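Protein sequence lines correspond, in order, to chains A and B. Residue numbers for the first sequence, in the UniProt record's numbering: 1 to 258. Residue numbers for the second sequence, in the UniProt record's numbering: 1 to 286.
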Amino acid sequence: MSNPLTRRRFLIGGALGAGALAAGGYAALGRGADVDAVLQSAEWVTMDAQRALLWRGSLAREFSEADISPTFRVNGTQAPDSAAYAALHRSGFADWKLKIGGLVDRSLELSLADLRALPSRTQITRHDCVEGWSAIGKWTGVPLGHVLQMAGLKPNARFAVFHCADELERTFDGSGRYYESIDLIDAFHPQTILAYAMNDAALTVGHGAPLRLRVERQLGYKHAKYVMQIDVVDGFENLWGGRGGFWEDRGYQWYAGI
Amino acid sequence: MSHETPRRRSTSRRKSVLIRRHSVLTRLTHWVNVLCLCVLLLSGLQIFNAYPRLHWGEYGADADPAVVEIGADEANGKPRGYLKVGGVSLATTGALGLSTVDGVRMRRAFPAWLTLPSYQDLAAGRRWHFFFAWVFVFNGLVYLVHGLWSGHLRRDLLPDRRQLGPRHIWREIVDHARLRFPSGEEARNYNTLQKLSYIVVIAGLLPLMVLTGLTMSPGMDAAFPQLLDIFGGRQSARTIHFISASLIVLFVVIHVAMVVLSGPWNNMRSMITGRYAIRPKELSHE
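Here's what the structure looks like:
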């Protein structure tokens, strides 16, 4: 009853399908690095898709005072373990200055008092850790875009890199030092701020004193704590692991919008 | 049946006809979906292990009450794995919370043999999960567009009026319980329970997985804050994602059991080559 032609087509189709599966299985078993590269390609598809859906100004949801988490989990570094940081902390960060350099017209050095005198933004937002938990907190700080405009960007500026005081991994070459990077779309997003206060009090050491980044449309590891220096760059290939951040160098996605 | 002779059985077998049951697109998307769901489940459990607690609402971390928690503690000086659901705690040593990897007791929510990769590596789990999430979504869209365009969904999955009668459904439940499956003309189409469960999975659970998954993305929440209102917050969405995944696992268990019980070779052949054998109705049925 069956038409031999269609049956042949089915058999050929089935054989091709089985062959493709076998080839895929072989690739998965034999060539781990290549498979990883294929899997990683999804990150850029995700980023392009989200950027297409996200209007540049679309805001992360802001909550009310009543929604603030009773306890905001301290994650990553609890306190940077260095004599230099301890000295800064002892003096209440009076001697601390945020350095802004790289591809800018004017390098800047701003004290906490300088930053507090600049226009500020306060937002109650949800912090999402890559591990899966969330906490809601109230953050006050200077919009990063404002600081970058003060410094003036050179035409080839593409990313802002944040160098931090904490070392999550002890290494001889310093590659265990925390750093992060975002592109200019996120750097100039209205909710991207350099926060010096949390829940109406000065930032605690656990949450990144004296200054931390808030980049609300991405996961927690992008929100660098203990920011010491911001470098504007055109690429981060030559920095440490070359992937734009401490966790990125250890396999996490650079685009952490998901 | 008891009065059947072997000879008779052989004649009835000769009379069975092969029909075309599944289109090539249904078969292809089915098996791609099998691959996707396996990888998504195992990498999803890897991701869950990074923070093995589920909350309800907008936020939730260690200090906040959990709806579900898998963990390990000490009881009478001995390490013990547990699963807590609501206020009930179950000892799950060896499976959940505390399991053995290469002879070493380890604190981990889901055991190594249920996670991808087997060792703890959240970054790798996320890479597997998001790559196959894209494959799953594209595969699902191909299936749905083809299903709507070709009429497959309406013709094969939508139950007709007769099938939705309470007496008919009751009859099917009784038949299923007795493991008596349709034969003859009736076997040409899906039965009502089959149609309903496929619809629940295709139109309910699978889209729910995608939407709750997207609600966990801070980027998607900024683009579509409505997602947070639909599911009552990011942590609720994470919990629903987990429950919905569990229901899909339950569906797969029943689905595979039904495939085995109602003729594994015939069913497998129909999902590979498309051909399905219909046996004539047995005479003993009234």
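Just so you know, even glycine gets a beta-carbon here, dropped at the ideal spot from N, CA and C. Computed from a predicted structure; not experimentally measured.
List, in order along the chain, the chain A residues whose C-beta lies closer than 7 angstroms to that of residue i?
i: W128(B); result: L39
i: L228(B); result: R61
i: R21(B); result: Going along chain A, no residue has its Cβ under 7 angstroms from R21(B), so there is no contact; the nearest lies around 12 angstroms.
i: P225(B); result: R61
i: D221(B); result: A60 and R61
With C-beta atoms as the reference, is residue i less than 9 angstroms away from residue j?
i: A60(A); j: R243(A); result: no
i: V215(A); j: L103(A); result: no
i: D105(A); j: G220(A); result: no
i: V227(A); j: L110(A); result: no
i: C36(B); j: V174(B); result: no
i: A124(B); j: L114(B); result: no
i: S112(A); j: W96(A); result: The sequence given here places Leu at residue 112(A); Ser does not occur at that position. In this structure, W96(A) lies closer than 9 angstroms to L112(A) by Cβ.
i: Y179(A); j: H163(A); result: yes
i: T29(B); j: Y143(B); result: yes
i: L194(A); j: L213(A); result: yes
i: residue 292(B); j: L205(B); result: Chain B is shown only over 1 to 286; residue 292(B) falls outside these bounds and no answer can be derived.
i: residue 290(B); j: W128(B); result: Because chain B is modelled from 1 through 286, residue 290(B) falls outside the range shown and cannot be assessed.
i: H207(A); j: V35(A); result: no
i: V101(B); j: A91(B); result: no
i: D67(A); j: Y59(B); result: yes
i: I240(B); j: F251(B); result: no
i: L98(B); j: R105(B); result: yes
So which residues on chain B does residue i lean against when the C-beta distance must stay under 8 angstroms?
i: G219(A); result: Per the sequence shown, the amino acid found at residue 219(A) is Leu instead of Gly. Result: P218.
i: D48(A); result: By Cβ distance, chain B contributes nothing, its closest Cβ being about 11 angstroms from D48(A), past 8 angstroms.
i: P210(A); result: Those do not exist, as P210(A) stays about 24 angstroms from chain B at its closest Cβ, beyond 8 angstroms.
i: G251(A); result: D121, A123, A124 and R127
i: T77(A); result: Ordered by position in chain B, no residue passes the 8 angstroms Cβ test against T77(A), which lies about 17 angstroms from the chain.
Please name the residue or residues paired with residue i in a DSSP beta bridge.
i: M198(A); result: W139(A) and A201(A)
i: residue 260(A); result: Residue 260(A) falls outside the range modelled here, since chain A spans only 1 to 258, and no answer is possible.
i: H241(B); result: Paired residue(s): none; H241(B) is not in a bridge.
i: T125(A); result: G137(A)
i: Y276(B); result: I19(B)
i: G102(A); result: V232(A)
i: E109(A); result: K99(A)
I want to see whether chain A comes within less than 9 angstroms of residue i, judged by CB atoms only; does it?
i: C58(B); result: Looking at the sequence provided, one finds Glu at residue 58(B) rather than Cys. True, the Cβ-Cβ gap to chain A drops below 9 angstroms.
i: residue 288(B); result: An answer regarding residue 288(B) cannot be provided, because it is not within the stretch 1 to 286 covered by chain B.
i: T11(B); result: With a pLDDT of 49 at T11(B), under the threshold of 50, the modelled position of that residue is not reliable, and the figure given next carries that caveat. It does not; no Cβ of chain A falls within 9 angstroms.
i: K15(B); result: no
i: Y51(B); result: yes
i: A277(B); result: no
i: A112(B); result: no
i: R234(B); result: yes
i: F131(B); result: yes
i: R107(B); result: no
i: Y152(B); result: Sequence check: residue 152(B) is His here, not Tyr. No - not a single Cβ of chain A is within 9 angstroms of the one on H152(B).
i: R188(B); result: no
i: A72(B); result: no
i: R7(B); result: Below a pLDDT of 50, predicted positions are generally treated as unreliable, and R7(B), at 42, falls in that range; the measurement from the model is reported next regardless. No, its Cβ sits nowhere closer than 9 angstroms to a Cβ of chain A.
i: A63(B); result: yes
i: H55(B); result: yes
At the 9 angstroms Cβ level, is residue i part of the contact set with chain B, yes or no?
i: Y178(A); result: no
i: P190(A); result: no
i: R214(A); result: no
i: P143(A); result: no
i: I136(A); result: yes
i: L110(A); result: no
i: F10(A); result: Unreliable placement is indicated for F10(A), whose pLDDT of 49 sits below 50; no coordinate value is reported for it.
i: S58(A); result: yes
i: R243(A); result: no
i: G132(A); result: yes
i: G257(A); result: yes
i: W240(A); result: no
i: A195(A); result: no
i: C164(A); result: no
i: W139(A); result: no
Which residues in chain B have a C-beta closer than 9 angstroms to the C-beta of residue i? List them in chain order.
i: D36(A); result: A124 and R127
i: G102(A); result: None at all; the shortest Cβ gap to chain B is about 26 angstroms.
Hey, is residue i's beta-carbon within less than 9 angstroms of any beta-carbon in chain E?
i: I47(B); result: This model lacks chain E altogether; the protein chains it does include are A and B.
Residues of chain B with a CB under 7 angstroms from the CB of residue i: which are they?
i: I230(A); result: Per Cβ cutoff of 7 angstroms: no residues; I230(A) is ~22 angstroms from chain B at best.
i: D67(A); result: E58
i: T71(A); result: A63
i: D53(A); result: The sequence given here has Leu at residue 53(A), not Asp. Those within 7 angstroms of L53(A) in chain B are A223.
i: R126(A); result: E58, Y59 and R234
So residue i contacts chain A; which residues on that side make the cut at Cβ distance below 8 angstroms?
i: W134(B); result: A42, V45 and T46
i: R238(B); result: G132
For a contact meaning CB atoms closer than 9 angstroms, what does residue i contact in chain A?
i: R178(B); result: Under the 9 angstroms cutoff, chain A gives no residues; its nearest Cβ is about 32 angstroms from R178(B).
Check: Taking only runs of the beta strand (DSSP E) that begin and end inside the region 18 to 101 of chain B, which ones reach a length of at least 3 residues, in chain order?
Finding: 68 to 75, 78 to 85, 88 to 91 and 97 to 101
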